[in-house]
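What follows is a single structure, written as structure tokens, with notes after it.
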């Protein structure tokens, strides 16, 4: 009978330990949820901010055309203008 | 059943209940975390997909711009000479002469000529063509010439009168109009009564 009561005490201790440990796990899991939601919101906003990257293709094309025009002007100026005199 | 057995069963039931309550709560929170991470993964996937071509596109843009800069710098140095080219750039962007041209490392050591100094013919031609060369600026810190229509005249006005090769403003010759010296289509019937057709 004495051993039985000792076993009951051990069980009570086990109950307290289980409650403490699982409470900590639940608290940690609960605290992760807001962080995950914030990360999801930030990632969505970052993805939306990158919508304009498609315009880089237009910029690339415009830069190529502009440099080509500048090269044509440069070639014409090279023919029209005299070179600098050597000093 | 002895009292100790009842206590044992009660404690075991409490342990099981505690396990159920906390584990179920943890499972629910983990499900929320999983759903949130799914959203994160979707957004991150979009970011990766959208930013994938950026590196190549930006590198291509930079390569084109580098080619343009090298071309213009080379042309400027070739036509204006190193000293005047540095002076032109420094006049447009005060302090830029210290950096020099990228394709000409020695240009950083050239002391830019001061504004108002007599430039070579090539530089003057560039000033006339560019309409905003520093040769037409009053002071290095002041605004450069931006008169599009009279840029050439304004550039020439900076030089002494003796350097001007022609008058500032040529007299106009009226070619057309009522006061022109030569009237075309001189017809005698102009100003006379209109001729009438005879009636049958």
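Protein chains in written order, with my numbering: chain A, 9 to 95; chain B, 58 to 257. By construction, the Cβ of each residue, glycine as well, lies at the ideal position given by its N, Cα and C atoms.
Taking any Cβ of chain A, which residues in the segment 121 to 144 of chain B have a Cβ under 9 Å from it, in chain order? 121, 122, 124, 125, 128, 129, 131, 132, 134, 135, 136, 137, 138, 139, 140, 141 and 142
Using a Cβ-Cβ cut-off of less than 7 Å, give me the residues of the segment 33 to 50 of chain A that come near chain B, in sequence order. 33, 34, 37, 38, 40, 41, 44, 45, 47 and 48
Whose CA, out of B:131, B:165, B:132 and B:136, lies closest to the CA of residue 147 of chain B? Your numbering for residue 147 of chain B matches position 90 in the second chain. If we check each option's Cα against that of residue 147 of chain B, B:165 comes out closest.
From which residue to which residue does the alpha helix (DSSP H) around residue 84 of chain B run? Your numbering for residue 84 of chain B matches position 27 in the second chain. Residues 60 to 108.
Do the segment 40 to 58 of chain A and the segment 96 to 103 of chain B meet, that is, are 3 or more Cβ pairs less than 8 Å apart? yes
Is there a Cβ from chain B that is less than 8 Å from the Cβ of residue 87 of chain A? Here residue 87 of chain A refers to the residue found at position 79 when the first chain is read from its first residue. No, residue 87 of chain A does not count as interfacial toward chain B.
Element boundaries [alpha helix (DSSP H), containing residue 139 of chain B]: Numbered from its first residue, the second chain carries residue 139 of chain B at position 82. Residues 111 to 149.
Where residue 163 of chain B and residue 139 of chain B are concerned, what is the direct C-alpha to C-alpha distance, given to the nearest angstrom? Looking up residue 163 of chain B in the second chain gives position 106. Looking up residue 139 of chain B in the second chain gives position 82. One C-alpha to the other measures close to 9 Å.
Report the CB separation of residue 129 of chain B from residue 86 of chain A in whole angstroms; it is logged as a contact under 8 Å. Numbered from its first residue, the second chain carries residue 129 of chain B at position 72. Numbered from its first residue, the first chain carries residue 86 of chain A at position 78. About 11 Å separates the two Cβ atoms, so there is no contact after all.
Check whether the Cβ atoms of residue 12 of chain A and residue 67 of chain B sit closer than 8 Å, and answer yes or no. For the purposes of this step, residue 12 of chain A is taken as residue 4 along the first chain, with counting starting at 1. For the purposes of this step, residue 67 of chain B is taken as residue 10 along the second chain, with counting starting at 1. No. Outside cutoff.
Can you give me the Cβ contacts of residue 10 of chain A inside the same chain, cut-off strictly under 7 Å, excluding the 5 residues immediately before and after it? Indexing the first chain from 1 puts residue 10 of chain A at position 2. Cβ within range, chain order: n/a, list empty.
Just to make sure I have the definition right: I need the residues of chain A whose C-beta is within less than 7 Å of the C-beta of residue 157 of chain B. Which are they? Position 100 of the second chain holds residue 157 of chain B. Simply none; closest approach about 17 Å.
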